[in-house]
Amino acid sequence: MSHKITLSTRDNQQFEFSCENQQNVQDAAEAASLYPPFGCKSGACGACLGSCEKGDYQLDSYSQEVLSVEAAANGGILLCRTLPKTDLQITLPYDADSIQQTLNAPRDAEIISIDKIAERTLKVVLQLQDDPETGLAFEFEPGQFVELEIPGLDLMRAYSLANTANWEGRLEFLIRLQPNGKFSEFLQKTPIGQHILVHAPSGAFVINKQSSNPRCFIAGGTGLSPFLSILKRMAEWAEDHPTHLFLGVNNEAEILCQEELTALQQSLPQLTVEICVWKPEDNWQGFIGTPVDAFKSYLEKNGVENDVYLCGPPILVEASTTVALENGINKEHIYSERFVAA
Ligand code: FES
């Protein structure tokens, strides 16, 4: 038996396809040549979040880090874990152009540098190999991520790009070293020149260009990556939009990309940057506390006409979302990307 699935995007576009019993909605969409943003396809990353407005379904196992019990009770779903029992109407928190109609094959790339830029943080730069169709170019929207796969090791992880699309095939990533993380271990013993597969860009954590509201960017550690990409694109296009970036770290040794942020502020005079250190040394002159605390006091002083973009661990995304909602920001103006340690 099959069920009719209707996906409605933020810009009111609709996509319909059928889904068999015991088939998940993500797989059914892909069978119909629709590729909503996805990552792990195992309920662990949250890239395929949506909300079911009508219909009955069962959720296969998933991590509560990416979909809380409360969110699931209010209709929150992960497309890759949703098994319909009836026809479903699902809303998606992004525009129709985030749903791809084809999926490009992974590209071969070479690691050309790995640098430690802060405590437990690496900057990894890849050089794509020439492709017969596209050459070196790699198209993506600032804010998107790619999955990196180590051939032969059955190891795949999603990371946000920290630079912008370019013709030279250069891809930059900020990667947090996780204790006992398989990808972290791989990077620490990897020689420059190692080849790696780069899957097609995905993700809907991109700027809502229809809104003229000032933007608040809230990043936890390497959650800065998509914001760096977005800010670099704004600088390239001289799009000086009022933007306040909150960057949260545990201590001064974890502060990352300060020089890049200072350079971006010179290109973008309406960009302000607030580095929030949770447990600083005695001589720290900046904000003491979490970016959530700093965001709260910002809203109290500056009002709530803001678009809020959140990227970091689930605990930061959830706490910031609560503060935004409690201060009267409409949920349509809150965009989030959460990453889980792996
Ligand atoms: S793709 Fe569905 S949770 Fe990762």
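Position 325 of the sequence shown, counting from 1, maps to 414 under the working numbering, and the rest follow consecutively. We put the beta carbon where it would ideally sit given N, CA and C, even for glycine. Bear in mind that the values here come from a model prediction, so they are computed numbers and not experimental data.
Where does the unbroken beta strand (DSSP E) through Glu221 begin, and where does it stop?
-> The residue you call residue 221 lines up with position 132 of the sequence shown. According to the sequence shown, residue 221 is Pro rather than Glu. That residue, Pro221, is in no beta strand (DSSP E); it is neither H nor E in DSSP.
Sub-7 Å separation of Pro178 and Glu142 beta-carbons = Translated into the one-based positions of the sequence shown, residue 178 becomes position 89. Translated into the one-based positions of the sequence shown, residue 142 becomes position 53. It is worth fixing the name first, because residue 178 is Gln in this sequence and not Pro. Yes, the pair counts as a contact, with Cβ atoms nearer than the cut-off.
What residues in its chain sit with their C-beta under 8 Å from that of Gln103, if we drop five residues either side in the sequence?
-> Taking the first residue of the sequence shown as 1, we reach residue 103 at position 14. Here the set comprises Thr95, Leu96 and Ser97.
Between Leu250 and Ser314, which are expected to be in contact by the criterion C-beta below 8 Å, what is the C-beta distance as a whole number of angstroms?
-> The sequence position of residue 250 within the sequence shown is 161, counting from 1. The sequence position of residue 314 within the sequence shown is 225, counting from 1. Their Cβ separation, rounded to whole angstroms, is 7 Å, which keeps Leu250 and Ser314 in contact under 8 Å.
Nearest CA to the CA of Ala162: which residue from Glu154, Ser140 and Leu181?
-> As a working mapping, residue 162 is identified with position 73 in the sequence shown. The residue from Glu154, Ser140 and Leu181 with its alpha-carbon nearest to that of Ala162 is Ser140.
CA-CA distance, Gln233 and Arg246?
-> Translated into positions along the sequence shown, residue 233 becomes position 144. Translated into positions along the sequence shown, residue 246 becomes position 157. One C-alpha to the other measures close to 14 Å.
Are Ile188 and Ile281 closer than 7 Å when you measure CB to CB?
-> As a first step, residue 188 must be located in the sequence shown, where it is residue number 99. As a first step, residue 281 must be located in the sequence shown, where it is residue number 192. Annotated as distal: Ile188 and Ile281, with beta-carbon spacing of 7 Å or more.
Below 8 Å on the Cβ atoms is my guess for Gly337 versus Thr379; work out the distance and round it to an integer in Å.
-> Taking the sequence shown and counting its residues from 1, the one referred to as residue 337 is at position 248. Taking the sequence shown and counting its residues from 1, the one referred to as residue 379 is at position 290. About 5 Å separates the Cβ atoms of Gly337 and Thr379, confirming a contact at the 8 Å cut-off.
Determine the DSSP secondary structure at Asp197, reduced to helix, strand or coil.
-> Along the sequence shown, one-based indexing puts residue 197 at 108. In this structure, Asp197 counts as strand in the three-state DSSP scheme.
Consult DSSP for Ala162 and reduce its assignment to one of helix, strand or coil.
-> Residue mapping note: residue 162 aligns to position 73 of the sequence shown, counting from 1. Ala162: helix per DSSP, three-state reduction.
Could you tell me which of Leu172, Gly144, Gln277 and Glu421 sits nearest to Glu109, measuring between CA atoms?
-> Here residue 109 refers to the residue found at position 20 when the sequence shown is read from its first residue. Of the candidates Leu172, Gly144, Gln277 and Glu421, the one whose C-alpha sits nearest the C-alpha of Glu109 is Leu172.
Would the stretch 149-160 and the stretch 203-214 be scored as touching if the rule is three or more Cβ pairs under 8 Å?
-> No contact exists between the stretch 149-160 and the stretch 203-214.
Hey, which residues come within less than 7 Å of the ligand FES, measuring from Cβ to any heavy atom, in chain order?
-> Here the residues close to the ligand FES, judged by CB distance below 7 Å to any of its heavy atoms, are Gln115, Phe127, Gly128, Cys129, Lys130, Ser131, Gly132, Ala133, Cys134, Gly135, Ala136, Cys137, Tyr151, Val155, Leu167, Leu168, Cys169 and Arg170 in chain order.
Can you give the Cα-Cα distance for Pro182 and Leu215, rounded to whole angstroms?
-> The sequence position of residue 182 within the sequence shown is 93, counting from 1. The sequence position of residue 215 within the sequence shown is 126, counting from 1. Cα to Cα, the separation comes out at about 30 Å.
Out of curiosity, what's the CA-to-CA distance linking Glu261 and Asp100?
-> On the sequence shown, position 172 is the one that residue 261 refers to. On the sequence shown, position 11 is the one that residue 100 refers to. Rounded to the nearest whole angstrom, the CA to CA distance from Glu261 to Asp100 is 30 Å.
contact_flag[the stretch 326-333, the stretch 256-276] where n(CB pairs < 8 Å) is 3 or more | No, they do not touch.
Anticipated Cβ contact below 8 Å, Asn340 with Lys368, distance rounded = Position 251 of the sequence shown holds residue 340. Position 279 of the sequence shown holds residue 368. Indeed they touch by this definition, with Cβ atoms about 6 Å apart.
Are there 16 or more other CB atoms within 10 angstroms of the CB of Gln287, so buried, or fewer, so exposed?
-> To locate residue 287, count along the sequence shown from 1; it is residue 198. First, the residue type needs correcting, since residue 287 is Val and not Gln in the sequence shown. In summary, Val287 is buried, with 16 or more beta-carbon neighbours lying within 10 Å of its beta-carbon over all protein chains present.
Can you tell me the Cβ-Cβ gap for Leu350 and Leu263, rounded? I've got them flagged as a contact below 8 Å.
-> Counting from 1 along the sequence shown, the entry for residue 350 is found at position 261. Counting from 1 along the sequence shown, the entry for residue 263 is found at position 174. About 12 Å; that fails the 8 Å criterion.
Compare the C-alpha of Glu389 against each of Gly417, Ala121 and Glu407 and name the closest.
-> Taking the sequence shown and counting its residues from 1, one reaches residue 389 at position 300. For the residues Gly417, Ala121 and Glu407, the minimum Cα distance to Glu389 belongs to Gly417.
Does the Cβ-Cβ distance between Arg322 and Thr223 come in under 7 Å?
-> Against the sequence shown, residue 322 aligns to sequence position 233. Against the sequence shown, residue 223 aligns to sequence position 134. In this structure, Thr223 does not lie closer than 7 Å to Arg322 by Cβ.
Assuming Glu45 contacts Ala342 (C-beta within less than 8 Å), just tell me the rounded distance between them.
-> Outside the shown range of the chain, which is 90 to 431, sits residue 45, and nothing can be said about it.
Buried or exposed: Gln115, going by 16 or more other Cβ atoms within 10 Å of its Cβ?
-> Stepping through the sequence shown from its first residue, residue 115 is reached at position 26. Under this definition Gln115 is a buried residue.
When His92, Gly135, Cys129 and Ala136 are compared against Ala117, the one with the closest alpha-carbon | Taking the sequence shown and counting its residues from 1, the one referred to as residue 117 is at position 28. Residue His92 is the option with its Cα nearest to Ala117.
Measure the alpha-carbon distance for Ser301 versus Asp371 and round it to whole angstroms.
-> Along the sequence shown, one-based indexing puts residue 301 at 212. Along the sequence shown, one-based indexing puts residue 371 at 282. Cα to Cα, the separation comes out at about 40 Å.
In three-state DSSP terms, what is Asp396?
-> Against the sequence shown, residue 396 aligns to sequence position 307. Strand, per DSSP.
Taking the alpha-carbon positions, what's the Lys212 to Asp145 distance?
-> For the purposes of this step, residue 212 is identified with residue 123 of the sequence shown, where counting begins at 1. For the purposes of this step, residue 145 is identified with residue 56 of the sequence shown, where counting begins at 1. Looking at the backbone, the Cα of Lys212 and that of Asp145 are separated by about 44 Å.
For Thr379, which of helix, strand or coil comes out of DSSP?
-> Indexing the sequence shown from 1 puts residue 379 at position 290. Residue state, collapsed to three classes: coil.
Separation of Val158 from Gly383, as counted between CA atoms = By one-based count along the sequence shown, residue 383 stands at place 294. By one-based count along the sequence shown, residue 158 stands at place 69. Here the sequence assigns Ala to residue 383, which means Gly is not the residue at that position. Computed Cα separation, rounded: 27 Å.
Give me whichever residues DSSP pairs with Ser314 in a beta bridge.
-> One-based indexing of the sequence shown puts residue 314 at position 225. The partner list for Ser314 (beta bridge, DSSP) is empty, contrary to what the question assumes.
Uninterrupted beta strand (DSSP E) stretches inside the stretch 251-281 (no shorter than 3 residues) = Counting only runs of 3 or more, we get 259-265.
Any heavy atom of the ligand HEM within a distance shorter than 6 Å of the CB on Leu357?
-> Ligands present in the displayed structure are limited to the ligand FES, and the ligand HEM is not among them.
Straight-line CA distance for Glu105 to Asp329?
-> Start at 1 with the first residue of the sequence shown, and residue 105 comes out as number 16. Start at 1 with the first residue of the sequence shown, and residue 329 comes out as number 240. Between the C-alpha atoms of Glu105 and Asp329 there is a straight-line separation of about 38 Å.
Cys169 vs Cys134 beta-carbon contact at 7 Å = Position 80 of the sequence shown, counted from the first residue, corresponds to residue 169. Position 45 of the sequence shown, counted from the first residue, corresponds to residue 134. No.
Does the beta-carbon of Thr311 have 16 or more other beta-carbons within 10 angstroms, so that it is buried, or is it exposed?
-> Locating residue 311 in the sequence shown gives position 222, counting from the first residue. By the neighbour-count rule (16 or more Cβ atoms within 10 Å), Thr311 is buried.
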